[in-house]
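Chains as they are written, first to last, in our numbering: chain Y, 56 to 353; chain P, 50 to 434.
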């Protein structure tokens with residue numbers, strides 16, 4: 056190894072800060088996530104994407120549900136909402152409709168968004184609501200101790216499937232595309248550059264956007280399945296993942312140790328909810344239509 | 050402040066309770082509603098969907114009641130006044146978010162047009178059997194306000210009151226209609242906007258950095274914010290400190306949760322809403338609310354004709370329960386007669402407040418129609434004996 060690479064400057068300036076600090080509630084650190092959990096990695100990518108997109112942070116709101124990823128809202132130094140289990144999307148729908156100038160990001164886990172909140176997901180996508188959804192998919196219910204999720208692949212051992220999962224699992228990217236999402240991508244926490252770029256691209260896109268991030272849960276998923284630690288997860292992501300931009304989402308199912316297809320799968324233009332609403336009302340009501348001013352002065 | 054004239058349909062109308070309630074939401078300044086169809090409440094949002102594009106606002110039909118009851122709260126934090134509408138089965142589904150609104154002190158209005166239950170029950174027929182659910186339906190300790198109109202005119206008036214109280218106390222407020230009140234059509238007078246008082250949201254005047262979203266003011270109610278104004282605030286349903294940060298601290302739990310109930314105390318005492326008649330000389334008092342109060346009115350009249358000194362206490366604000374008033378009456382009357390379209394709900398509150406000082410006689414009805422006045426009269430006669 057080149058020794059020069061390890062050289063650390065003798066003096067670190069006193070005002071040196073990690074560039075992500077302004078995006079985080081530093082008074083809430085340390086966070087609750089386990090060592091080698093992937094959620095922090097995704098938050099790093101998120102802050103990088105916000106930084107690079109030069110977003111007005113006063114106009115960015117984060118809405119989370121319940122679970123490990125649900126805690127992101129509590130750490131983001133933005134207007135942030137930690138809602139009820141599964142209901143981040145309908146809360147975000149109300150927030151966006153009442154205050155359309157906000158960039159509303161829904162940041163939650165696979166159990167929250169696709170089991171208890173699955174119905175809301177397909178309807179938000181169907182409406183093409185202008186929401187940016189980041190789903191950290193650790194393939195399990197981590198907060199409650201590693202139970203089976205609708206994303207847990209077959210044969211995996213979980214706290215509620217001690218003899219192995221036999222139910223078929225959801226292919227989230229196919230579901231998102233079928234329900235009508237304008238933008239669909241998948242990365243792993245190994246793909247930090249690609250993930251940050253994808254998030255930045257999503258912020259600029261109008262309509263319902265979805266990024267799935269495959270993320271390790273060494274404490275509850277990997278340990279129970281003898282899949283090693285966080286580093287082993289990175290090695291397997293590197294080895295198993297294959298970038299296939301534009302791949303048909305139907306070919307992107309996940310298995311316990313099979314190929315992980317990553318990339319941007321869908322990027323299409325559909326009129327979003329507001330555009331559809333405005334067009335229909337203008338057609339039906341003409342001059343009588345009053346554009347929404349929900350934030351009433353009274 | 051006065052109502053925004055854009056939402057006020059000034060004039061004399063012939064409206065049913067559901068439609069009058071909708072006009073009340075518009076007059077109160079609600080510009081956002083999320084709903085899910087359910088009999089006998091749907092007319093409220095049907096009218097809102099018809100009216101709101103011309104007023105300037107949003108109606109969205111959500112995929113279920115869980116979604117509707119949380120979408121309105123997203124809208125509130127976005128700056129809107131918002132409400133949802135439902136009936137029994139939908140009300141059951143909304144319980145989690147009534148708790149969320151109470152815990153996060155999100156001002157919003159839930160309209161429940163009560164029908165017979167339990168479960169799917171009697172979709173098109175009346176009941177008053179969700180009264181305890183309105184108070185206790187979500188888990189944990191918390192406070193809410195519930196109002197019971199008994200006419201389309203009151204559906205209009207009290208809906209405005211409901212929004213005003215929700216802003217003043219930062220609580221979810223329930224409008225507890227019943228199928229009869231929701232579907233009866235009567236004269237409704239909607240005044241000029243300048244004659245309608247509307248409580249504006251109490252946004253903080255402190256700058257970001259100094260303001261704490263859950264730090265109570267003198268009235269125990271914290272000031273409010275909306276997203277996008279640069280405060281970078283956090284809202285959670287977890288127990289939280291004054292900054293809104295989650296806390297597992299037992300003392301924080303005690304201070305914050307106790308306050309959720311204590312802040313509403315004025316409404317159980319000096320600010321309780323009710324209507325009385327003949328209490329000066331009454332020896333029997335009929336305590337009723339909603340449609341039952343109108344049936345009871347007939348029974349009261351018949352009792353007076355028989356020479357019985359019967360009086361009326363009509364509950365308008367059912368939660369917090371106006372217990373101080375019932376307690377005072379209990380010390381000077383012989384009995385309370387409590388007719389309600391359920392098998393005994395608010396009667397237990399009357400009993401609790403009366404504390405054994407006066408007899409409490411329930412006149413229960415399992416739901417599906419209103420009482421026959423004779424049944425109430427019979428109870429009055431027995432109570433007076």
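Cβ coordinates follow ideal geometry from the N, Cα and C atoms, glycine included.
Starting from residue 131 of chain P and walking both ways along the alpha helix (DSSP H), at which residues does that stretch end? The residue labelled residue 131 of chain P in the question sits at position 82 within the second chain. From DSSP, residue 131 of chain P is part of no alpha helix (DSSP H) but of the beta strand (DSSP E) over 131-135.
List the residues of chain Y whose Cβ lies closer than 7 Å to the Cβ of residue 282 of chain P, in chain order. The residue you call residue 282 of chain P lines up with position 233 of the second chain. Within 7 Å Cβ-Cβ: 134.
Assuming residue 201 of chain Y contacts residue 164 of chain Y (C-beta within less than 8 Å), just tell me the rounded distance between them. Translated into positions along the first chain, residue 201 of chain Y becomes position 146. Translated into positions along the first chain, residue 164 of chain Y becomes position 109. No, residue 201 of chain Y and residue 164 of chain Y are not in contact; Cβ-Cβ is about 13 Å, not under 8 Å.
When the Cα atoms are used, what is the spatial distance from residue 179 of chain Y to residue 240 of chain P? Numbered from its first residue, the first chain carries residue 179 of chain Y at position 124. Numbered from its first residue, the second chain carries residue 240 of chain P at position 191. Approximately 39 Å, taken between the alpha carbons.
Quick one: grab the DSSP three-state call for residue 368 of chain P. In the second chain, counting from the first residue as 1, residue 368 of chain P sits at position 319. Residue 368 of chain P falls in the strand class under three-state DSSP.
Which residues, taken in chain order from the segment 144-161 of chain Y, show a beta carbon closer than 7 Å to some beta carbon of chain P? 145, 146, 147, 148, 149, 150, 152, 153, 154, 156 and 157
When P:415, P:405, P:173 and P:374 are compared against residue 393 of chain P, the one with the closest alpha-carbon: What you label residue 393 of chain P is simply residue 344 of the second chain in a count that begins at 1. The closest CA to that of residue 393 of chain P, considering only P:415, P:405, P:173 and P:374, is found on P:415.
Rounded C-alpha distance that separates residue 340 of chain Y from residue 315 of chain P: As a first step, residue 340 of chain Y is located in the first chain; it is residue number 285 there, counting from the start. As a first step, residue 315 of chain P is located in the second chain; it is residue number 266 there, counting from the start. So the alpha carbons of these two residues sit roughly 46 Å apart.
Please list the partners that residue 340 of chain Y has in chain P, where partner means a Cβ-to-Cβ separation under 8 Å. In the first chain, counting from the first residue as 1, residue 340 of chain Y sits at position 285. The answer, in chain order, is 102 and 103.
Short CB-CB distance (under 8 Å) between residue 213 of chain Y and chain P: As a first step, residue 213 of chain Y is located in the first chain; it is residue number 158 there, counting from the start. Closer than 8 Å: no.
Using alpha carbons as the reference points, say which of P:102, P:272, P:246 and P:268 lies closest to residue 255 of chain P. Position 206 of the second chain, counted from the first residue, corresponds to residue 255 of chain P. Answer by Cα proximity: P:272.
What does residue 83 of chain Y reach in chain P if we use C-beta pairs closer than 8 Å? Numbered from 1 along the first chain, position 28 holds the residue referred to as residue 83 of chain Y. Residues of chain P passing the Cβ test: 294.
Applying the criterion that 16 or more other CB atoms from any shown protein chain within 10 Å of the CB defines a buried residue, is residue 109 of chain Y buried or exposed? Taking the first residue of the first chain as 1, we reach residue 109 of chain Y at position 54. The residue is exposed, with fewer than 16 neighbouring Cβ atoms inside 10 Å.
Quick one, which of Y:259, Y:140 and Y:166 has its alpha-carbon nearest residue 115 of chain Y's? Working through the first chain from its first residue, we reach residue 115 of chain Y at position 60. Measuring from the Cα of residue 115 of chain Y, the nearest candidate turns out to be Y:259.
Does residue 343 of chain Y have its Cβ less than 8 Å from a Cβ in chain P? Numbered from 1 along the first chain, position 288 holds the residue referred to as residue 343 of chain Y. Chain P places a beta carbon closer than 8 Å to that of residue 343 of chain Y, counting this residue as a contact.
Do you know how far the Cα of residue 189 of chain Y is from the Cα of residue 273 of chain Y? Translated into positions along the first chain, residue 273 of chain Y becomes position 218. Translated into positions along the first chain, residue 189 of chain Y becomes position 134. Spanning the two alpha carbons is a distance of roughly 21 Å.
How far does the beta strand (DSSP E) with residue 212 of chain Y in it reach, from first residue to last? Reading the first chain from its first residue, position 157 is the one you call residue 212 of chain Y. Looking at the DSSP string, residue 212 of chain Y is not in any beta strand (DSSP E), and its letter there is neither H nor E.
Select from the segment 160-188 of chain Y all residues with a C-beta closer than 7 Å to any C-beta belonging to chain P, and list them in chain order. 174, 175 and 178
What are the partner residues of residue 99 of chain P, as DSSP defines its beta bridges? Here residue 99 of chain P refers to the residue found at position 50 of the second chain. Note: residue 99 of chain P sits in no beta bridge, so no partner.
Tell me, please, whether the segment 217-231 of chain P touches the segment 189-201 of chain P by the rule of three or more beta-carbon pairs shorter than 8 Å. yes
If you count every other CB in all the chains shown that lies within 10 Å of the CB of residue 56 of chain Y, and 16 or more means buried, which is it? On the first chain, position 1 is the one that residue 56 of chain Y refers to. Low local confidence applies: a pLDDT of 48 at residue 56 of chain Y is under 50, so the model's placement there is unreliable, and no value is given.
The alpha helix (DSSP H) with residue 289 of chain Y in it runs from where to where? If you number the first chain from 1, residue 289 of chain Y lands on position 234. Residue 289 of chain Y -> alpha helix (DSSP H) spans 285-295.
Kindly indicate the opening and closing residues of the beta strand (DSSP E) around residue 62 of chain P. Sequence index remark: in the second chain, residue 62 of chain P carries index 13 (1-based). Residues 60-65.
I need the DSSP call for residue 187 of chain P, collapsed to helix, strand or coil. As a first step, residue 187 of chain P must be located in the second chain, where it is residue number 138. Looking at residue 187 of chain P - three-state DSSP - the assignment turns out to be coil, as it is neither helix nor strand.
Taking 8 Å as the cut-off, decide whether the C-beta atoms of residue 164 of chain P and residue 156 of chain P are in contact. The sequence position of residue 164 of chain P within the second chain is 115, counting from 1. The sequence position of residue 156 of chain P within the second chain is 107, counting from 1. Cβ atoms of residue 164 of chain P and residue 156 of chain P: not closer than 8 Å.
May I have the straight-line CA-CA distance separating residue 266 of chain P from residue 87 of chain P, to the nearest angstrom? The sequence position of residue 266 of chain P within the second chain is 217, counting from 1. The sequence position of residue 87 of chain P within the second chain is 38, counting from 1. For residue 266 of chain P and residue 87 of chain P, the distance between alpha carbons rounds to 39 Å.
Quick one: measure Cβ to Cβ for residue 70 of chain P and residue 94 of chain P, integer angstroms, because I've assumed they're closer than 8 Å. For the purposes of this step, residue 70 of chain P is identified with residue 21 of the second chain, where counting begins at 1. For the purposes of this step, residue 94 of chain P is identified with residue 45 of the second chain, where counting begins at 1. Not really, about 10 Å apart at Cβ, beyond 8 Å.
Is there a C-beta anywhere in chain Y that falls below 8 Å from the one on residue 207 of chain P? Sequence index remark: in the second chain, residue 207 of chain P carries index 158 (1-based). Chain Y contact via Cβ: absent.
Note down, in chain order, every chain P residue with its Cβ under 8 Å from the Cβ of residue 129 of chain Y. The sequence position of residue 129 of chain Y within the first chain is 74, counting from 1. Those within 8 Å of residue 129 of chain Y in chain P are 283, 285, 294 and 295.
Indicate whether the contact test is met: 3 or more Cβ pairs, each with one atom in the segment 171-186 of chain P and one in the segment 114-127 of chain P, closer than 8 Å. Not touching, per the Cβ criterion.
Is the shortest distance between the beta-carbon of residue 128 of chain P and the beta-carbons of chain Y less than 8 Å? Taking the second chain and counting its residues from 1, the one referred to as residue 128 of chain P is at position 79. It does: the Cβ of residue 128 of chain P has a partner Cβ on chain Y nearer than 8 Å.
Looking at C-beta atoms only, is the number of pairs between the segment 362-370 of chain P and the segment 146-160 of chain P that lie closer than 8 Å three or more? no
Would you say residue 27 of chain P reaches chain Y, if we count a Cβ-Cβ gap shorter than 8 Å as a contact? Since the first residue shown for chain P is 50 and the last is 434, residue 27 of chain P is missing from the structure and cannot be characterised.
If we ignore side chains and look at the alpha-carbon of each, how far apart do residue 288 of chain Y and residue 245 of chain Y end up? Position 233 of the first chain holds residue 288 of chain Y. Position 190 of the first chain holds residue 245 of chain Y. One C-alpha to the other measures close to 9 Å.
Contact with chain P by residue 284 of chain Y, beta-carbon distance below 8 Å: One-based indexing of the first chain puts residue 284 of chain Y at position 229. Output row for residue 284 of chain Y: interface = no.
In chain P, what lies closer than 9 Å to residue 205 of chain Y by C-beta? The count along the first chain starts at 1 and reaches residue 205 of chain Y at position 150. Within chain P, no residue comes near residue 205 of chain Y; the closest Cβ sits about 18 Å away, beyond 9 Å.
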